[in-house]
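These notes concern the structure reproduced below.
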Amino acid sequence: MVRAAAAAEKAGFRSVSIATSGFVQQAHAIAKALGMANLAVAEYPGVVMMDGREELRRKVTEVLVDNVIAGLAAPAQQSEKPSEPGSRDIVFKGSLKEVQEFFHRNLWSDGLPVIPPTLEEVHGFLRFTDRSPDEVIGVLLPENRQATVWNTAVNGVMAGCRPEYMPVLIAIVEAIADPEFGIEHAGSTPGWEPLIVLNGPISKELDFNCGSGVLRIGRQANSSVGRFLRLYMRNVAGLRIPPGATDKATFGYTFNAVLAENEDAVAEMGWQPFSVDRGFAAGENVVTVQSAVSISPACYSGGDTPESHMEAIGEIIGRGSIAYRMPTAAKESMAYPLIAMSPSVAGVIAKGGWTKNDVRQWLYDNVRVPAGLFEKLAWHTGKTTFSFRKYVEEGLISRDFWQSDDPNRLVPVFLKPEWTGIVVSGDPGRNQSKGYAQNQKQGVPVSKRIVLPRSWGPGIRG
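Numbering (this note's numbering), first residue to last: 240 to 701.
Right, dumping it as structure tokens:
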């Protein structure tokens, strides 16, 4: 909204952005980052979805209209963006404790201790890429800051990564800098967190965990690289919780450890790795980054047939974690849920002759929920004009979602079979799966090839 208003102002059209009380500070922070610090913002007091019809009418007529008029009366003007230190400037000298306090005061840390990014440490990371330190990978919103090879290395140091992780870090930054990813939405109220999926031989080379406890903090590679992404989104994109103002997660949760796929298990069962599903050749080093707005509980399943496992996955993951986000997915005509299966579960399914596409089609055909329930859930999230019929007529979703107005008719939880990701990982000795609901146009899955330096080999990795 504010970005659109800034574009309108620069084109010579007056604008006023309307925001509820909880978003006014965020709106001003984004406007400042865009170089229009005094962009007009009209406040609607309170929370719209908490007000009844009469209270809504009263606030609009008695408060909001006046705020809009006042905003129109004061033309916005472009302003200078705040100056920042250069990439190689020495910004502070002091003890380790003093460095930590300095970074905390400047909101440059995630609240945890950081490794000081000295020039020596940063240059150590740059040994693991052939790209210029000053190369601009992209521009990240909301603070409109350049993502560079240099600041990738800086944040890698701070997060506790090893220097040889640098090619992985660059690929991750390339993914979130891709416009398809939608980094500008990462401060939204659902509080989604990015999830990194890693494929390729580099996983073994750099000692990423793909077995028991794969998503637990503990293995340096999985943990520090996951932390790097959250730290990078904070420091470069500028997504900060209070006392910052650009991350409006109502609750949020902590960063995800990297989900590395067990490609040995995948090959043994005759499936292709997740990266091949994403369009790459088997054996390529690939990272995929997508949003995860909710995570299912551990889903246990048993039996020696694919159906016995799919029934549990469909009930616990499909009708549970994935279903709740489906109304938003239908409205946006976009959703990329991901299911992680332990090798034992995936192995039974594959042994039964099922491909990944068979799994996806089964979920689409069999995991269904009453349409009336979805419509109620949509209203609670502010989609007060939600209509399956409208979205079908507009061609946004298939006719499976509206063949009558019966609120008890069953509609799919998964929008399209091919949009469901499947990754094999975790403890091969347990019968569990885990589901991730993706947040539609926010954090669309983006995959990038990991490019190793020409000198890559045992010698350079020490």
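We put the beta carbon where it would ideally sit given N, CA and C, even for glycine. Because the structure is a prediction, the values reported are computed rather than measured.
Two segments are said to touch when three or more pairs of C-beta atoms, one from each, lie closer than 8 Å; by this definition the segment 516-526 touches the segment 426-439. Put simply, of PRO482, THR387, VAL299 and TRP431 the residue whose alpha carbon is nearest the alpha carbon of GLN265 is PRO482.
Annotated three-state conformation of LYS687 is strand, per DSSP.
Residue pairing by DSSP places ARG384 opposite LEU379 in a beta bridge. For ASN678, the three-state secondary structure derived from DSSP is strand. In the DSSP secondary-structure assignment, TYR539 is bridged to GLN671.
DSSP, reduced to helix, strand and coil, places SER533 within a strand of the structure shown. Membership of THR567 in any beta strand (DSSP E) is not indicated; the residue belongs instead to the alpha helix (DSSP H) covering 565-571.
Bridge partners of TYR283 according to DSSP: THR259. Scanning its chain for C-beta atoms nearer than 6 Å, with the 5 sequence neighbours on each side dropped, one finds around GLY377 the residues ALA386 and ALA416, in chain order.
Per the C-alpha coordinates, the member of ALA272, ALA425, ALA268 and GLY660 positioned closest to ALA488 is ALA425. By the neighbour-count criterion, in which 16 or more other beta carbons inside 10 Å mark a residue as buried, SER260 falls on the exposed side. For ASN495 and ASP349, the gap between their C-alpha atoms comes out near 14 Å.
By the neighbour-count criterion, in which 16 or more other beta carbons inside 10 Å mark a residue as buried, VAL330 falls on the exposed side.
Under the DSSP assignment, ILE661 falls in the beta strand (DSSP E) whose first and last residues are 660-663. When secondary structure is reduced to three states using DSSP, ASN438 falls in the strand class. The beta carbon of GLU413 sits closer than 7 Å to the beta carbons of ILE376 and LYS687 from its chain, once the five residues preceding and following it are set aside; these are given in chain order. Listed as beta-bridge partners of GLU248 by DSSP are no residues whatsoever. Counting other Cβ atoms within 10 Å of its Cβ, THR300 stays below 16 and is therefore classed as exposed. ARG648 and ALA617 do not touch by the CB rule: their CB atoms are close to 16 Å apart, not below 8 Å.
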